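Add 58 to the 1-based position in the sequence shown for my numbering, that's all there is to it.
Yeah, the Cβ is synthetic: ideal placement off N, Cα and C, and Gly gets one too.
The structure displayed is predicted, hence computed values, not measured ones.
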Amino acid sequence: MKNKELEKIEKRNFWKDETGDIGVKQIAITVAVIVVVAFIVTTLKNGLLEKWIEEVWKFLFDDLIKGKMGGTS
């Protein structure tokens, strides 16, 4: 009888004292990283990022640089 009570106390103490290596913050950060990566992959797959980079390139190169150097676009 005493042995079973001792086992219960040891199990309870183990779960009470065991904090573990993975906490809520680590899980939240992992989920956030997965969501961001999925968003980037989806954006690349749909070609939205390519269009955005093309617009920025045209703005920077054609409008600003060629405009200041007197080139025609």
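- Boundaries of the alpha helix (DSSP H) harbouring Leu106: Leu106 to Trp115, taken from the DSSP string.
- Collapsing the DSSP output to three states places Gly125 in a helix.
- Between the alpha carbons of Glu108 and Ile87 lies a gap of roughly 28 angstroms.
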